[in-house]
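Each remark here refers to the structure printed beneath this line.
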Amino acid sequence: RAEKLKKGCTINDEVYHPEVWTPQEAKGVDLLIVSLKYGALPGAMDSIRQVTGENTTVMSLMNGVDSEKLISDEIGASHVIYSVIKVASHKEENGYCFNPETTIGIIFGEPCAPYDSERVQAIEALFADTGLHYRSTEYIREEIWSKFRLNVCNNLPQAILGAGVGCYQDSVHMKAISDGLRRELEAIASAKGIDKAEYKKRFLGSYMMKNRVQVYIDRSSHECMKRFLSIAAPDTSMAGYVSRIIKDHIA
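Written out as structure tokens, the structure is:
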């Protein structure tokens, strides 16, 4: 894999040649980002352990809800900052492609107070002016479970049954499958102590808007939010959801 990366990887028609280090060479880096398929994590634990130094922060961008816990068990929870990435990418003959303009990007934060910690501020400073889309939040555990819910309730049934993105609006049967999965997952989240009530109250509750104006958003972003709200909060208007997200982000 290292030799393959050294030959370059193409993203949006641009070839990148990353500097590839061994775990021994990378020992003690300030920030280690773990971005793997879920099944590859156990095999990477030894490398993660070797890289992690006294002041190393580890950020896991993997799908699922327990990679932070698994990594913490190996290197200690004090090294791990919680995070999630939201990007719609696909592989073509000439490499990997995604739309930077509609990409939500990296969301990260501390799982408990203080939320505006020194390392959160350091990562924000690192990402600033890089072109990356990112934001920090005090609701990072809820963000991780929110993405997991979307993957389980939307992406998984579509992949198994080979259905398109509009199937939940077109078929009551697909909607019933999705709703059943959502109820089961929310029960698990509740048992795990995930406080979705505060997150829903802040972002997904009823929201009376005054002095409204019309704005335009990218169609793919509109479709993404439409799918998310149909699962997470069917009674929440898209306008109210967007307004609250923007207010929280710039407040």
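To convert, take the position in the sequence shown, counting from 1, and add 616; that gives my numbering.
Every residue gets a Cβ at the ideal spot worked out from N, C-alpha and C, and that includes glycine.
Are residue i and residue j closer than 9 Å when you measure CB to CB?
{"i": "Ser846", "j": "Gln785", "result": "yes"}
{"i": "Pro727", "j": "Ile756", "result": "yes"}
{"i": "Lys702", "j": "Ile691", "result": "no"}
{"i": "Val631", "j": "Gly747", "result": "no"}
{"i": "Leu648", "j": "Met675", "result": "yes"}
{"i": "Thr673", "j": "Ala741", "result": "no"}
{"i": "Glu684", "j": "Val667", "result": "no"}
{"i": "Phe714", "j": "Asn771", "result": "no"}
{"i": "Met841", "j": "Val858", "result": "yes"}
{"i": "Met790", "j": "Leu801", "result": "no"}
{"i": "Pro773", "j": "Ser806", "result": "no"}
{"i": "Ile687", "j": "Val736", "result": "no"}
Between the options, which has its C-alpha nearest residue i's C-alpha?
{"i": "Lys620", "options": "Asp629, Trp637, Asn628", "result": "Trp637"}
{"i": "Glu734", "options": "Ile687, Val667, Asp646, Lys808", "result": "Asp646"}
{"i": "Gly782", "options": "Arg843, Lys685, Ala775", "result": "Arg843"}
{"i": "Glu717", "options": "Ser683, Glu635, His838", "result": "His838"}
{"i": "Ser762", "options": "Ala849, Arg835, Phe743", "result": "Ala849"}
{"i": "Arg799", "options": "Tyr698, Arg765, Ala656, Met790", "result": "Arg765"}
{"i": "Asn671", "options": "Val650, Ile862, Gly644, Pro658", "result": "Gly644"}
{"i": "Ser836", "options": "Ser705, Ser806, Cys769, Ile810", "result": "Ser705"}
{"i": "Val681", "options": "Arg617, Tyr654, Val736", "result": "Tyr654"}
{"i": "Pro639", "options": "Lys622, Ala656, Gly669, Pro658", "result": "Gly669"}
{"i": "Ala656", "options": "Arg617, Glu635, Ser694, Lys622", "result": "Arg617"}
{"i": "Val831", "options": "Lys707, Gly780, Ile862", "result": "Ile862"}
Between residue i and the rest of its own chain, which residues show a CB-CB distance below 7 Å, the 5 nearest in sequence each way excluded?
{"i": "Thr753", "result": "Ile723, Gly725, Glu759"}
{"i": "Arg665", "result": "Glu690, Ile691"}
{"i": "Phe743", "result": "Tyr750"}
{"i": "Asp834", "result": "Glu717, Thr718"}
{"i": "Ser787", "result": "none"}
Have a look at the DSSP bridge pairing and note the partners of residue i.
{"i": "Ile868", "result": "Lying before the first or after the last residue shown, residue 868 is absent from the chain, which here runs from 617 to 867."}
{"i": "Ile627", "result": "Glu630, Tyr712"}
{"i": "Ser676", "result": "Val650"}
{"i": "Lys707", "result": "Tyr712"}
With a threshold of 8 Å on Cβ separation, who are the neighbours of residue i within its own chain once the five nearest residues in sequence on each side are excluded?
{"i": "Gly624", "result": "Val631, Tyr632, His633"}
{"i": "Leu652", "result": "Ala660, Met678"}
{"i": "Ile810", "result": "Arg757, Glu758, Trp761"}
{"i": "Asp662", "result": "Pro639"}
{"i": "Thr626", "result": "Tyr632, Asn710, Gly711, Tyr712"}
Could you check whether the Cβ of residue i sits closer than 9 Å to any Cβ belonging to chain D?
{"i": "Ser699", "result": "No chain D is part of this structure, which consists of one protein chain only."}
Who are the near neighbours of residue i in its chain, counting only those whose CB is closer than 6 Å to its CB and skipping five residues on each side?
{"i": "Leu797", "result": "Val768, Cys769"}
{"i": "Val700", "result": "Ile723, Glu759, Ile760, Lys763"}
{"i": "Glu641", "result": "none"}
{"i": "Lys622", "result": "Val636"}
{"i": "Lys707", "result": "none"}
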